[in-house]
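Chains as they are written, first to last, in this note's numbering: chain Y, 6 to 112; chain B, 28 to 140.
Yeah, the Cβ is synthetic: ideal placement off N, Cα and C, and Gly gets one too.
Data first, discussion second: the structure below is written as structure tokens.
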Amino acid sequence: ELKVEQNPLFLSMQEGKNYTIYCNYSTTSDRLYWYRQDPGKSLESLFVLLSNGAVKQEGRLMASLDTKARLSTLHITAAVHDLSATYFCSYNNDMRFGAGTRLTVKP
Amino acid sequence: EAGVAQSPRYKIIEKRQSVAFWCNPISGHATLYWYQQILGQGPKLLIQFQNNGVVDDSQLPKDRFSAERLKGVDSTLKIQPAKLEDSAVYLCASSKWDVYEQYFGPGTRLTVT
Numbered sequence: 006e007l008k009v010e011q012n013p014l015f016l017s018m019q020e021g022k023n024y025t026i027y028c029n030y031s032t033t034s035d036r037l038y039w040y041r042q043d044p045g046k047s048l049e050s051l052f053v054l055l056s057n058g059a060v061k062q063e064g065r066l067m068a069s070l071d072t073k074a075r076l077s078t079l080h081i082t083a084a085v086h087d088l089s090a091t092y093f094c095s096y097n098n099d100m101r102f103g104a105g106t107r108l109t110v111k112p
Numbered sequence: 028e029a030g031v032a033q034s035p036r037y038k039i040i041e042k043r044q045s046v047a048f049w050c051n052p053i054s055g056h057a058t059l060y061w062y063q064q065i066l067g068q069g070p071k072l073l074i075q076f077q078n079n080g081v082v083d084d085s086q087l088p089k090d091r092f093s094a095e096r097l098k099g100v101d102s103t104l105k106i107q108p109a110k111l112e113d114s115a116v117y118l119c120a121s122s123k124w125d126v127y128e129q130y131f132g133p134g135t136r137l138t139v140t
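The structure is reproduced here in structure tokens:
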């Protein structure tokens, strides 16, 4: 069965701390996407990872892809309150999404 | 550049009624997607169009859901008849081609009573 598993599903962290969200997927894929969703809002594209070893960074977020391990990570550096949202990963085979990681950053 | 447009934004219907949603993708985007997002879950792909052809509709409940994309631009998604479990947000997204990132519309929140 094709699956995308994210962990943790819920993450509460303090401002200024670092943390990593993990995305495991069950079949080979050469493209992996990360999205952000604010409460009551639609999804916003964050990163598109197109090949093994790809690393992309935007502000305090950095995403990487290991296609051999079928693993993508989203690393948060020095978290700030504005990063509070739900983060989804998705891969291209059938546009299957993970369940999402609900991140809350506390002062 | 204008984003993905969807209407209506909210809809409340009774079970067994019909409902239709409309989506206008970003100009020039060949690929269009419809997703169902139930509260607290990730989006679930219902159907993917490439221009006006269907690429993937394996998760579309075809006994009650239908979708079309006329002339490779706008698209409509219809539910007939609706069930209580269809209550969800229906998201439309588009991309230049299927390998590119998707741009999502604001969604239509459907409540079936």
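- Using a Cβ-Cβ cut-off of 9 Å, Y60(B) is close to M100 of chain Y, given in chain order.
- The beta carbon of F52(Y) sits closer than 6 Å to the beta carbons of W39, K61 and A68 from its chain, once the five residues preceding and following it are set aside; these are given in chain order.
- Of the residues A109(B), T135(B) and K98(B), the one whose Cα lies closest to the Cα of G55(B) is K98(B).
- In the three-state reduction of the DSSP assignment, K42(B) falls in the coil class.
- Along the segment 31–42 of chain Y, the positions whose C-beta sits under 7 Å from a C-beta of chain B are R36 and Y38, read in chain order.
- Remark: fewer than three beta-carbon pairs, one from each stretch, lie closer than 8 Å, so the segment 15–30 of chain Y and the segment 105–116 of chain B are not flagged as touching.
- The alpha carbon of G64(Y) has as its nearest neighbour, out of L88(Y), G58(Y), Y92(Y) and T33(Y), the alpha carbon of L88(Y).
- Within a 10 Å sphere around the beta-carbon of W124(B) sit fewer than 16 other beta-carbons, which makes this residue exposed.
- Note on geometry: alpha-carbon atoms of R36(Y) and D71(Y) lie some 10 Å from one another.
- Interface annotation, L54(Y): not in contact with chain B, CB-CB separation never under 8 Å.
- If you ignore the 5 residues before and after L59(B), its C-beta comes within less than 8 Å of the C-beta of C50, P52, Q75, F76, R96, S102, C119, A120 and S121, all in its own chain and listed in chain order.
- Residue contact with chain B for G64(Y): absent (no Cβ-Cβ distance below 8 Å to any residue of chain B).
- Here Q64(B) is buried, its C-beta having at least 16 other C-beta atoms within 10 Å.
- In its chain, beyond the 5 residues on either side, N29, Y30, S31, T32, T33 and S34 have a beta carbon closer than 8 Å to the beta carbon of R75(Y).
- Annotation: the continuous beta strand (DSSP E) that includes D71(Y) extends over L66 to D71.
- Per DSSP, W61(B) is one residue of the beta strand (DSSP E) stretching across T58 to Q64.
- The residues T82, in chain order, have a CB closer than 6 Å to that of N23(Y) in the same chain once the five nearest residues on each side in sequence are set aside.
- With a minimum length of 3 residues, the unbroken runs of beta strand (DSSP E) contained wholly in the segment 56–132 of chain B fall at 58–64, 71–77, 80–83, 92–95, 102–106 and 115–122.
- Across the segment 11–23 of chain Y, CB contacts with chain B closer than 9 Å involve Q11, in sequence order along the chain.
- Close CB contacts of A104(Y) within its chain, under the 7 Å cut and outside five residues either way in sequence, are with Q11 and L14 (chain order).
- With a contact defined as Cβ atoms closer than 8 Å, T135(B) and Q33(B) qualify at about 6 Å.
- Among the CB atoms of chain B, one or more fall inside 8 Å of the CB of G105(Y).
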